[in-house]
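Novice: Residue numbers (my numbering): 1225 to 1445. Shown below is the structure under consideration.
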Amino acid sequence: MMKYFLMLLISGLISVDRNSALNLMISRPIFIAMFIGLLFGNFYTIFLVGILFELIGLIDLPVGTHIPRDDSFMTYVACLVLTYINVDNVYKLFILITLVIIFSFPVTFTDLIVRKINQNIYLKNRVKGYNFPISKVISWGVILSFFRGVIIYNAIFFLVYYIYTQIVSINIKFSFDKDLNSFLILIICFASGYLIRFLSFKSVVKYLIFTLGIIMGWFLI
């Protein structure tokens, strides 16, 4: 029971670290992977997945007011799925990565909503001249961000878990019987992710190129 309580706590702190710019590094994929790996086991595989999503995060860099895709969410959900399901080949790993990347778009949108709410609270307090200490405004923002992480991250984890189990339950022998070394796919992801970060395209185009690179590498191997 304590493990699940700690996961709820860390999911909230991850969201706070991202939205409130605490710069505590709690929201970094490598830290999230290390924490989940130490808590639930299977540390080596989960840590490699954390490195993978750290590299994926380099594709979508924060520039100006642009909000990058939530790589913290992707790491959190992917690592939790790995603690409950044996992902024993690259095809299954690819399905998991694809699912969390897809769901990162609506999750990032909730990030935008939270920031807008925090901004409106601040502006309302400033324009109308309420005698409302700025510390309370910040506190509301932190609380809102915390519950966003607890609710959104864990709710979508269950959704991704359900969809993933339904997909891998389909008997596709040609795909599932390919027992490939998962470390090779991580090398492919490293190369493609590191190069794509320098391209001046929209994020959707970068993710599309990234996904196609993984597919091509999988078939080449």
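Idealized CB from N, CA, C, for every residue including glycine.
(1) So for residue 1309, helix, strand or coil by DSSP?
(2) In terms of residue numbering, what span does the alpha helix (DSSP H) encompassing residue 1228 cover?
(3) Ignore the nearest five residues each way along the sequence and tell me which others in residue 1254's own chain have a CB closer than 8 Å to its CB.
(4) Excluding five sequence neighbours on each side, which residues of the same chain lie with their C-beta closer than 7 Å to the C-beta of residue 1447?
(5) Mapping DSSP to helix, strand and coil, what is residue 1293?
(6) Any idea if residue 1344 is buried or exposed, counting beta-carbon neighbours within 10 angstroms, 16 or more meaning buried?
(7) Checking 8 Å against the spacing of the C-beta atoms, do residue 1385 and residue 1308 come in under that value?
(8) Can you find at least 3 beta carbon pairs, one from the stretch 1386–1393 and one from the stretch 1331–1342, that sit closer than 8 Å?
(9) Can you tell me the Cα-Cα spacing of residue 1359 and residue 1262, whole angstroms?
(10) Do residue 1328 and residue 1293 count as a contact pair if the criterion is CB distance below 8 Å?
(11) Is the beta carbon of residue 1264 closer than 8 Å to that of residue 1377?
(12) So, for residue 1243: in the same chain, excluding its five sequence neighbours on each side, which residues have a beta-carbon less than 6 Å away from its beta-carbon?
(13) Helix, strand or coil for residue 1248, going by three-state DSSP, please let me know.
(14) Along the chain, where does the alpha helix (DSSP H) containing residue 1378 start, and where does it finish?
(15) With DSSP collapsed to three states, give me the class of residue 1263.
Specialist: The answer reads as follows:
(1) coil
(2) 1226–1243
(3) 1271, 1274, 1275 and 1278
(4) This structure cannot speak to residue 1447, because the chain is shown only from 1225 to 1445.
(5) coil
(6) exposed
(7) yes
(8) no
(9) 35 Å
(10) yes
(11) no
(12) 1338 and 1369
(13) coil
(14) 1378–1392
(15) helix
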